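One structure is given here, and the rest of the page talks about it.
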Amino acid sequence: MSDNIVSLGGLTIGTKDALEKAMASEGCSTSGATGCGSKQAPEDMDPETWAKVKDHPCYSEEAHHYFARMHVAVAPACNIQCNYCNRKYDCANESRPGVVSERLTPEEAARKVIAVANEVPQLSVLGIAGPGDSCADWKKTKQTFTKVREDIPDIRLCLSSNGLALPQHVDELADMNVDHVTITINMIDPEVGAKIYPWIRHGGQRYYGVEASRILHEQQMLALDMLVERGILVKVNSVLIPGINDEHLLEVNKEVKRRGAFLHNIMPLISDPAHGTHFGLTGQRGPTAAELQKVQEACAGGANLMKHCRQCRADAVGLLGEDRGQEFTKDLVPEEVAYDPAARDTYKEWVAKEREDRRAAAEDAKAETGATVAETAPKLLVAVATQGGGRINHHFGHASEFQVFEVDTDGVRFAFHRRCDNYCVDGAGEEDRLDRVIATLEGIDTVLCAKIGDCPRETLAEAGITVLQDHAYDYIETAVSAVYRARMGLAPAQAERA
Ligand code: CLF
Ligand code: SF4
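Residue numbers for the sequence shown, in the numbering used here: 8 to 505.
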């Protein structure tokens with residue numbers, strides 16, 4: 008393996024040239040036959056805030072190319088009922104509905120975190136995000152965080168809650184140096200809330216209807232204020248429910264911004280009768296991609312929006328968009344495991360240099376695009392196949408997700424992601440799957456990947472989608488900008504970084 012390549016666990020890192028050479032030596036060739044609101048950089052915030060978000064994949068779009076989170080499902084009890092939740096499954100406030108995660112005791116969870124940290128050098132955050140509510144089941148949440156903090160002092164602890172019992176734990180969270188808390192806030196008007204929450208349990212009593220939502224709202228606002236006061240970064244999750252809170256979320260966005268929330272993540276309701284939820288069984292639909300985008304656009308100028316959320320499982324492991332949870336199930340985690348910081352330390356050093364280089368490359372790309380393209384030039388959507396690191400480094404046939412970037416004279420910005428079943432199975436492409444991938448890529452002008460066969464490339468071309476592998480292992484911004492200039496009839500950029 009080249010000197011410029013480092014292998015950490017299953018992860019290979021290195022420069023563009025070194026990665027290309029490694030791929031060629033494995034018998035692959037790239038000549039191949041067959042704004043997000045949360046994209047924040049150091050210059051956008053004070054150094055203290057940047058230090059908190061620079062390695063958190065959810066709080067920084069840039070960081071999500073490099074760093075991984077893991078969740079442990081330790082706190083299954085809940086104190087409210089959401090109409091989009093069935094308690095058999097994970098907490099739909101943070102996680103993908105209809106999924107059952109593996110429940111762990113705090114001791115099992117702490118062992119699992121060490122096992123993952125030893126194998127996944129990108130790991131930077133441990134989150135508790137259901138099933139149930141982390142604060143309603145506080146004892147288990149606290150035990151888990153305390154133990155993990157002892158074992159791996161530099162890991163970030165991240166908590167997600169419906170907010171009802173959160174105020175009583177804010178001081179303990181601050182004492183444990185928890186810097187990131189998510190509150191799910193679907194309404195600030197209890198009349199709207201009554202359509203989402205049939206009941207809550209608070210102070211040993213059950214409340215129903217508008218009164219329940221009024222108490223929930225008051226507790227959520229109190230928690231938000233208390234967290235902001237203590238310098239804890241608050242992300243607000245809102246589930247977009249068409250006909251119930253779609254227009255109302257603009258008010259939510261304004262209010263949480265006014266109170267100091269760092270980020271607002273508007274997530275689509277995923278509703279299915281098979282999930283057995285009230286909304287699923289009564290035919291309440293989720294929003295279309297266009298409806299979600301409309302609400303996000305209407306919130307422009309308000310609280311910063313997170314657009315790279317993957318609605319992960321409550322036991323997810325890995326970069327956002329990948330889930331390595333099956334490699335670390337209870338039966339696979341050893342009874343005795345000791346933390347070895349070597350791989351994470353090496354990885355962190357590499358990322359610090361790499362992201363500086365990538366940022367400089369993105370600035371170059373932006374300057375060239377802005378300087379050379381007429382102001383009236385249209386916006387383009389470019390999908391990239393990536394396995395992280397901010398590079399075009401995934402084969403088309405293996406991609407089960409494409410990250411979509413928009414590019415215009417203002418530069419290159421993350422827009423959204425699209426999921427699909429990967430086209431290639433056991434080394435062979437499947438036609439049905441390709442049709443579904445093409446449907447998934449509707450509206451996309453160009454796809455960039457590390458490699459694609461002639462056959463799928465021609466089929467995509469017939470569907471009006473250009474696929475290029477010429478930018479394999481380039482930085483995303485460099486490649487997307489080069490595509491844009493070429494599409495606008497301008498010469499490709501001269502300098503490209505390795
Ligand atoms: Fe987990 Fe949530 Fe912390 Fe991230 S997830 S507890 S803030 S570490 Fe992230 Fe997953 Fe979206 Fe959540 S992509 S579902 S926003
Ligand atoms: Fe379900 Fe989470 Fe709502 Fe509790 S807070 S009812 S676990 S979605």
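Backbone N, C-alpha and C define an ideal beta-carbon position, used for all residues, glycine too.
As the structure is a prediction and not an experimental result, all values here were calculated from the model.
Per DSSP, Glu342 lies in no beta strand (DSSP E) segment and is marked neither H nor E. With respect to the 9 Å criterion, Leu312 and Gln318 are not classified as neighbours on the basis of their beta carbons.
Assignment of Lys146 by DSSP, reduced to helix, strand and coil, places it in the helix class. DSSP places Glu438 inside the alpha helix (DSSP H), whose first and last residues are 438-447. Apart from sequence neighbours up to five positions away, the residues of its chain that approach Gly332 with a beta-carbon distance below 7 Å are Arg320, Asp322, Ala323, Val324, ordered along the chain. With a cut-off of 8 Å, the C-beta of Asn100 is classified as near ligand 2, since at least one heavy atom of the ligand falls inside that distance. By a beta-carbon distance limit of 8 Å, Val411 does not contact Leu441. Their separation comes to about 18 Å. Going by C-alpha positions, Val344 is about 16 Å away from Pro128. For Val391, the CB contacts under 6 Å within the same chain, skipping 5 residues up- and downstream, are Ile399, Gln410, Leu455, Ile483 in chain order. Boundaries of the beta strand (DSSP E) around Pro275: 270-275. Taken atom to atom, the span from the alpha-carbon of Met77 to that of Arg443 is near 30 Å. Contact annotation: the segment 107-118 does not touch the segment 215-229, with fewer than three C-beta pairs closer than 8 Å. Among the bridge pairs identified by DSSP, Glu408 is matched with Arg426. With a beta-carbon spacing of about 5 Å, Pro138 and Pro83 fall inside the 8 Å limit used to define contacts. Relative to ligand 1, Met52 has its C-beta separated by 8 Å or more from all heavy atoms. Between the segment 50-66 and the segment 111-122 there are fewer than three inter-stretch CB-CB distances shorter than 8 Å, so the stretches are not counted as touching. Between the segment 293-308 and the segment 341-357, the count of C-beta pairs closer than 8 Å stays below three; the two stretches do not touch.
One Cα belongs to Met495, the other to Thr376, and the distance between them is close to 10 Å. Taking a contact as a CB-CB distance under 8 Å, the pair Asn193 and Val246 counts as one, their CB atoms being some 6 Å apart. Residue environment for Gly404: buried (at least 16 other C-beta atoms within 10 angstroms of its C-beta). In the structure shown, Leu231 falls within a helical segment according to DSSP collapsed to helix, strand and coil. Here the C-alpha atom of Asn86 lies approximately 17 Å from the C-alpha atom of His285. By the criterion of a C-beta distance shorter than 7 Å, Thr151 is surrounded in its chain by Val79, Val81, Pro113, Ala116, Ala117, Ile135, once the five residues flanking it on both sides are discounted. If you draw a straight line from the Cα of Glu469 to the Cα of Glu437, it comes to about 17 Å. Secondary structure at Ile121: helix, using DSSP grouped into helix, strand and coil. In the DSSP assignment, Arg317 falls outside any alpha helix (DSSP H) and carries neither an H nor an E.
A Cβ-Cβ distance of about 5 Å is found for the pair Val199 and His255, placing them in contact under the 8 Å criterion.
Taking 8 Å as the cut-off, one finds at least one heavy atom of ligand 2 near enough to the beta carbon of Gln88.
Excluding five sequence positions before and after His71, the CB atoms of its chain that fall closer than 6 Å to its own CB belong to Pro64, His315, Leu327, given in chain order. Short note on Arg163: C-beta not closer than 8 Å to any heavy atom of ligand 2. Beta-bridge partners of Lys242 (DSSP): Thr189, Leu270.
For Ala468, no beta strand (DSSP E) run applies; the uninterrupted alpha helix (DSSP H) run containing it begins and ends at 461-469, by DSSP.
Rounded to the nearest whole angstrom, the C-alpha separation of Val432 and Asn272 is 34 Å. Assigned with DSSP and collapsed to three states, Lys458 falls in strand. Judged by beta-carbon spacing, Leu166 lies within the 9 Å limit of Thr148, meaning their Cβ atoms are closer than that value.
Rounded to whole angstroms, Lys154 and Asp182 show a C-alpha spacing of 14 Å.
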